[in-house]
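Participant: One structure, as structure tokens, below. Some questions next.
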Amino acid sequence: MTQSPPTATDVLSPDGHDAQMMRSVLETGGLWTVDTRAPSYRQLRPFNQPDGARYSQLPEADEESAAYWETDGFPVHKGLSTHLAGIEEHPDPVAAHVMAVCSGYAYSGAETVSMIMARLGLEKNHCRLISATVDAMFICSRAFLIQSGDGKVVILCYRGTEPTNLANGLTDVDVEPERINYQFEDPCASVHAGFYRNVRATRHEVMEALRRAVAGRSVRKPVEGEVEGESDRMPGKLEALYITGHSLGGAMASMLAVMLRHEKKYAAVAELLKGVYTFGQPMIGDPSLARACENDREFSRKIIRYVHGDDVVPHFPPVTAGPYEHFGREYRYRISHLQQSVSGWLRYLGSSYQPQTGAWRETDTYTSQMSSFLGFALGATTLAARKSQILRALPVVYSLEDHLPAHYIGALTPGRVSDEFGD
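Be aware that the sequence shown starts at 1, since it is given in the UniProt record's numbering, and climbs by one per residue.
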């Protein structure tokens, strides 16, 4: 089943800006967009009363301010915009957690993404969802732009493969290589045609939104209660751009990063790119492309790929589709399934011993291609097998279970953080 552009009933919102959202959806013709604003901290915590002496020092007029509603765990990362804008060395644990959460929640809608990013620490963020669907061309492109309330940070997040979306699945298997028209060392360098086509389907709207952010304007159009022109200006201009995504979304994130690096017209945006964080990303290009990206050290250091356990998707496309290679920096999360299974049985029998967690480690040996598409079918069996205490202990080569975004979020959550909600 494929996803169609939303109808009027699909975009109704509890805030009463239905007409505005429908205008936004229909105005671009072939593309459809949804614009939203993050709920306030007060709206996010309606049953939480301000706590203690910290708030007694604030005047009553500050009840709508972020500080009035902050607690020890909320928002999850205080001062997040300032932190993201100031990072010098990547990967950064806070950035990795934020990007993993954003990539996981990108499988929902704009209002949900905006809400969870506010909980993480981007209060008063502006969010725009840009979508394009052409089933016959295997195009199902979804790009979220989340802009911090101060205008300094934008996160561009691509949605990954939707399990119930046929066009998404066909995008992944549209592995015919397509030559990319950039000046690489090898003029025949090629990329995955499906990924490339999906990035280009929404690229111009994405870049227009980023151009506005560079100029100190909002990435989105006004929503209910706002007047165009009055609320368009942001307190500051874009200082830090992050691109992220899970699965297909990760491939699209890396693809756009390559395009930013090689198209001079995007130079003003490209120079603000801080990092590209991807999770369970398949390969996007042939060895010539990978080699050219690796040799560009300034660029390749910004590409950070996370591979959880035996995730099958980073091994895609298979050898039978032609030669493909990864590039950038790869971090793998390793954990003994046997150890986890034994620990689980001990806990089941009453032991207080807790299962050991894994660790992320950078590797110089990149994930390689699977031999054929049968590897993906083999990996899919783990979705059921890993639910069994006994079968969980069996070694596997490929795992679709390890590809789930919740596993990436869990493994990248800092120790001091309970969850992404800040409850």
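Every residue gets a Cβ at the ideal spot worked out from N, C-alpha and C, and that includes glycine.
Tell me the start and end of each unbroken beta strand (DSSP E) in the segment 177-207 that is at least 3 residues and wholly inside, in chain order.
Facilitator: If we require 3 residues or more, the beta strand (DSSP E) runs fully inside the segment 177-207 come out as 177-179 and 190-192.
Participant: Looking only at DSSP bridge pairs, what is Arg332 linked to?
Facilitator: DSSP output for Arg332 lists Val307 and Arg361 as bridge partner(s).
Participant: Among the candidates Glu88, Cys127, Gly151 and Ser81, whose CA atom is the shortest distance from the CA of Gly121?
Facilitator: The residue with the shortest Cα to Cα distance from Gly121 is Ser81.
Participant: Can His315 and Thr367 be called in contact, C-beta distance under 7 Å?
Facilitator: Result yes, Cβ atoms of His315 and Thr367 sit closer than 7 Å.
Participant: Less than 7 Å between the C-beta atoms of Leu260 and Tyr266, yes or no?
Facilitator: Yes, the Cβ-Cβ distance between Leu260 and Tyr266 is below 7 Å.
Participant: For Thr82, does the three-state DSSP call read helix, strand or coil?
Facilitator: It is helical.
Participant: Would you list the residues sitting across from residue 427 in a DSSP beta bridge?
Facilitator: Residue 427 lies beyond the range of the chain shown here (1 to 423); nothing can be said about it.
Participant: CA-CA distance, Ala38 and Phe327?
Facilitator: Their backbone Cα atoms lie some 35 Å apart in a straight line.
Participant: Thinking C-beta only, is Ile303 closer than 7 Å to Val269?
Facilitator: It is not a contact, given that the beta carbons lie outside the stated cut-off.
Participant: Return the CA-CA distance between Asp72 and Cys102, expressed in angstroms with no decimal places.
Facilitator: Spanning the two alpha carbons is a distance of roughly 22 Å.
Participant: Just checking my contact of Arg159 with Gly249 at CB under 8 Å: how many whole Å lie between their CB atoms?
Facilitator: Right, their Cβ atoms sit about 5 Å apart.
Participant: Can you check whether the CB of Gly245 is closer than 7 Å to the CB of Cys157?
Facilitator: Yes; because the gap between Cβ atoms is below 7 Å, this pair is in contact.
Participant: In the DSSP assignment, find the unbroken beta strand (DSSP E) run with Thr278 in it and report its ends.
Facilitator: From DSSP, the beta strand (DSSP E) with Thr278 extends over Leu273 to Phe279.
Participant: Using a 10 Å radius around the Cβ and a threshold of 16 neighbouring Cβ atoms, would you call Lys221 buried or exposed?
Facilitator: Label assigned to Lys221: buried.
Participant: In or out: Asp423 buried (at least 16 other Cβ within 10 Å) or exposed?
Facilitator: Burial call: exposed.
Participant: Would Ala201 and Ile139 be called neighbours here (beta carbons separated by less than 7 Å)?
Facilitator: It is a contact, given that the beta carbons lie within the stated cut-off.
Participant: Out of curiosity, what's the CA-to-CA distance linking Asp150 and Ser372?
Facilitator: Answer to the nearest angstrom: the Cα atoms are 48 Å apart.
Participant: Excluding five sequence neighbours on each side, which residues of the same chain lie with their C-beta closer than 8 Å to the C-beta of Lys237?
Facilitator: Gly151, Lys152, Ala213, Val214, Ala215 and Gly216.
Participant: Distance check for Asp296 and Gln43, CA to CA, integer angstroms please.
Facilitator: The alpha-carbon atoms of Gln43 and Asp296 are separated by roughly 46 Å.
Participant: Considering just the uninterrupted stretch of the beta strand (DSSP E) at Val154, what are its terminal residues?
Facilitator: Residues Val153 to Tyr158.
Participant: Taking just the CA atoms, how far does His126 sit from Asp35?
Facilitator: One C-alpha to the other measures close to 8 Å.
Participant: What are the uninterrupted segments assigned as beta strand (DSSP E) that are 3 or more residues long and contained completely in the segment 85-155, given in chain order?
Facilitator: DSSP runs (the beta strand (DSSP E)) wholly in the segment 85-155: 126-134 and 139-147.
Participant: Buried or exposed for Pro14, please, with buried defined as at least 16 other CB atoms from any protein chain shown within 10 angstroms of its CB.
Facilitator: Residue placement at Pro14 is poorly supported in this model, since its pLDDT is 38, which falls under 50; the coordinates still yield a value, given next. Exposed, because fewer than 16 other Cβ atoms sit within 10 Å of the Cβ of Pro14.
Participant: Near Leu241, which residues of its chain fall below 6 Å by C-beta distance, leaving aside the five closest residues on each side in sequence?
Facilitator: Hits under 6 Å: Val154, Leu272 and Leu273.
Participant: Would you report the Cα separation of Ala193 and Arg233, rounded to the nearest angstrom?
Facilitator: So the alpha carbons of these two residues sit roughly 38 Å apart.
Participant: Taking the beta carbon of Ser141 as the centre, do at least 16 other beta carbons fall within 10 Å, making it buried, or is it exposed?
Facilitator: By the 10 Å Cβ count, Ser141 comes out buried.
Participant: For Glu263, tell me which candidate among Arg329, Gln183, Thr278 and Thr413 has the shortest Cα-Cα distance.
Facilitator: Looking at the Cα atoms, Gln183 is the closest of the given residues.
Participant: Which same chain residues, not among the five before or five after Arg239, have their C-beta less than 6 Å away from its C-beta?
Facilitator: It should be noted that the sequence gives Glu, not Arg, for residue 239. Once the five neighbours on either side are set aside, the close Cβ partners of Glu239 are Ala85 and Lys152.
Participant: So, under 8 Å CB-CB, Tyr331 and Gly309 are touching, yes? Tell me the CB distance rounded to an integer number of Å.
Facilitator: Not a contact, Cβ separation roughly 12 Å.
Participant: Does the beta-carbon distance from His97 to Leu412 come in below 7 Å?
Facilitator: Taking 7 Å as the Cβ cut-off, His97 and Leu412 qualify as a contacting pair.
Participant: Assign Val76 to one of three DSSP states: helix, strand, or coil.
Facilitator: Coil.
Participant: Can you tell me whether Arg45 is buried or exposed, with buried defined as 16 or more other CB within 10 angstroms of its CB?
Facilitator: The residue in question, Arg45, is buried, as its Cβ has 16 or more Cβ neighbours within 10 Å.
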